[in-house]
Amino acid sequence: DSYRVAILGATGAVGTELLELLEARNFPVADLKLLASERSAGRTMSFKGEDLPVEAVGDRSFDNVDLVLASAGGSTSKAWAHKVVDAGAVVIDNSSAFRMNPEVPLVVPEVNPEAAATHRGIIANPNCTTILMAVAVWPLHQVQPVQRIVVATYQSASGAGARAMEEVKTHSREILEGESPKPGIFPYTLAFNLFPHNSPMTEVGYCEEELKMLNETRKIFGASELRVSATCVRVPVLRAHSEAINLEFEQPFPPAKAKEILATAPGVKLVEDWQANYFPMPIEASGRDEVLVGRIRQDISHPCGLELWLSGDQIRKGAALNAIQIAELLVERNWLQPATELSYK
Ligand code: A2P
3 DSYRVAILGA TGAVGTELLE LLEARNFPVA DLKLLASERS AGRTMSFKGE DLPVEAVGDR
63 SFDNVDLVLA SAGGSTSKAW AHKVVDAGAV VIDNSSAFRM NPEVPLVVPE VNPEAAATHR
123 GIIANPNCTT ILMAVAVWPL HQVQPVQRIV VATYQSASGA GARAMEEVKT HSREILEGES
183 PKPGIFPYTL AFNLFPHNSP MTEVGYCEEE LKMLNETRKI FGASELRVSA TCVRVPVLRA
243 HSEAINLEFE QPFPPAKAKE ILATAPGVKL VEDWQANYFP MPIEASGRDE VLVGRIRQDI
303 SHPCGLELWL SGDQIRKGAA LNAIQIAELL VERNWLQPAT ELSYK
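So the mapping is simple: UniProt numbering equals the position in the sequence shown, first residue as 1, plus 2.
Here it is, written out as structure tokens:
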């Protein structure tokens, strides 16, 4: 079997990667539609040696489509997801619009593939930092449930899209030439700088990105009591995120055992050379499928604490690859059925 696929947001950082992965992973595509805003209508993008036109998304865009991979931001998803479902297609949505909706599965295939079976036309792809953390922590959580996670992130520009990546490059050049860059996509200059994550602040003192790491991890793990405290930071890296993660268990978790588990965990690559002080780096995680994990050590401040460090490609496993893996899962398990009952609000 092969499927009629549409990418909504095809011209963006994640959309471009979705297109490449559909080709590289040989997803069974019968027909491919590239959708974006009016701005991109008339552009072409290449798929399997063919130039395909980019169309502005419109009311008829989802006729004769089986699967939509959406990565065009929350408001675009809110505007179009129901129309996709009404047209009888299934949407895998990369935005935050539906992630916490109890009727929408939130899926990381290495962690909770079976959740995808319950979809009613919309499946949500989690937040990028959450996906990377989930892939690394889940295998340990299976052996001994984690009680509390304290995490600090080092997030690349790619999370804010293709234009944000360009802005970091342009601003870097301007600074090297002695000019003062003007903020554009980001509220402050990211080049040669860093700042706490620019998502909206909430009244509890955590920004939305930080609360996503709490709420989405609970939903994906099915662990409603899990405690997560995150500090999310933007750094002038182009496309891979890193995270310093402190885990607290009920009993001590020997680092040697954690390493043994993570050495064979799906989607993880253990990267540690203690002699050489060589550990995961965003530059080496970029363009790779696996989440690189290392610096696994006993928390010196707590007998039941474990420290680890990871880097993972935000555009790939943090977004496009995870979405494609969900699509592959739907195909393999024969779950790519249109919704029978529409009950989204
Ligand atoms: P366009 O290139 O036409 O603006 P990124 O996350 O890299 O910024 O990419 C966002 C993607 O979402 C782009 O493909 C962008 O298309 C698309 N997009 C943004 N706003 C809309 C919209 N209102 N309707 C359709 N696509 C949109």
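Idealized CB from N, CA, C, for every residue including glycine.
C-alpha gap between residue i and residue j, whole angstroms
| i | j | result |
| --- | --- | --- |
| Leu21 | Ala12 | 7 angstroms |
| Ser79 | Arg236 | 24 angstroms |
| Arg27 | Ser4 | 14 angstroms |
| Asn279 | Leu331 | 38 angstroms |
| Ala232 | Leu249 | 12 angstroms |
| Lys261 | Arg318 | 24 angstroms |
| Lys221 | Arg299 | 27 angstroms |
| Ser303 | Asp33 | 56 angstroms |
| Gly123 | Glu105 | 10 angstroms |
| residue 2 | Tyr190 | Residue 2 lies beyond the stretch modelled for the chain, which goes from 3 to 347, so this question has no answer here. |
| Phe281 | Gly207 | 32 angstroms |
| Ala72 | Val93 | 7 angstroms |
| Gln327 | Ala267 | 16 angstroms |
| Thr172 | Arg165 | 10 angstroms |
| Thr204 | Gln277 | 43 angstroms |
CB of residue i within 8 angstroms of CB of residue j, strictly
| i | j | result |
| --- | --- | --- |
| Glu176 | Pro183 | yes |
| Asp291 | Arg241 | no |
| Ala162 | Ile125 | no |
| Pro238 | Val170 | yes |
| Gly269 | Val230 | no |
| Gln157 | Thr131 | yes |
| Ala258 | Asn96 | no |
| His143 | Phe194 | no |
| Leu69 | Leu338 | yes |
| Pro141 | Leu312 | no |
| Thr120 | Pro128 | no |
| Ile247 | Met135 | yes |
| Pro340 | Ala91 | yes |
| Ala89 | Val59 | no |
| Thr155 | Cys209 | no |
| Val109 | Ala118 | yes |
| Pro202 | Pro254 | no |
Cβ separation of residue i and residue j, assumed to be a contact under 8 angstroms, to the nearest whole Å
| i | j | result |
| --- | --- | --- |
| Leu272 | Gly307 | That belief does not hold up - the Cβ atoms of Leu272 and Gly307 are roughly 20 angstroms apart, past 8 angstroms. |
| Lys35 | Glu57 | 7 angstroms |
| Lys322 | Val16 | Reading off the sequence shown, one finds Ala at residue 322, where the question assumed Lys. Yes, they are in contact, since the Cβ atoms of Ala322 and Val16 sit about 5 angstroms apart, within 8 angstroms. |
| Ser63 | Ala8 | 7 angstroms |
| Met47 | Leu37 | About 11 angstroms separates the two Cβ atoms, so there is no contact after all. |
| Arg101 | Glu218 | 6 angstroms |
| Ala159 | Leu192 | 6 angstroms |
| Glu245 | Val153 | 6 angstroms |
Simplified DSSP assignment, three categories, for residue i
| i | result |
| --- | --- |
| Thr233 | strand |
| Lys347 | Reliability fails at Lys347, whose pLDDT of 48 lies under 50, so the model's placement of it is uncertain and the value that follows must be treated cautiously. DSSP places Lys347 in coil when its eight states are reduced to three. |
| Ile263 | helix |
| Asp53 | strand |
| Glu218 | helix |
| residue 354 | In this structure the chain extends from 3 to 347, so residue 354 is not present and cannot be described. |
| Thr18 | helix |
| Phe223 | helix |
| Ser244 | strand |
| Trp276 | coil |
| Ala317 | Sequence inspection shows Ile at residue 317; the Ala mentioned does not correspond to that position. Here Ile317 sits in coil by DSSP. |
| Gly161 | helix |
| Asp33 | strand |
| Gly76 | helix |
| Leu69 | strand |
Point to revise | Pocket of the ligand A2P (residues with CB nearer than 5 angstroms to any heavy atom), chain order | key: Every residue passing the under-5 angstroms Cβ criterion appears here: Gly11, Thr13, Gly14, Ala15, Gly17, Ala38, Ser39, Arg41, Ser42, Val59, Ala74, Thr78, Gly163 and Ala164.
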